[in-house]
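Colleague: Quick one: this structure, given as structure tokens, is what I'll be asking you about.
Numbering (our numbering), first residue to last: 87 to 138.
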């Protein structure tokens, strides 16, 4: 039984994550490293102060 084994390469960059197989010319998947939303959002009040 002869199977081909390909190495998976993942680049966890500070802005974008890239994933693909070793030997390919370009990554197969590219997506933002930061996923989600902030727990608290600041709001600007009429007097110019910020609140959570």
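Glycine included, every Cβ here is placed at the ideal spot set by N, Cα and C.
#1: Check for me: the beta strand (DSSP E) holding residue 115 runs from which residue to which?
#2: Just verifying my parser: in three-state terms, what is the DSSP assignment at residue 128?
#3: My output table needs one value for residue 105: the three-state DSSP class, helix, strand or coil.
#4: Tell me where the beta strand (DSSP E) around residue 110 begins and ends.
#5: Closest to residue 93 by CA distance: which of 121, 102, 109 is it?
Modeller: Taking the coordinates as given:
#1: 115-118
#2: coil
#3: strand
#4: Where residue 110 is concerned, there is no enclosing beta strand (DSSP E), given that its DSSP letter is neither H nor E.
#5: 109
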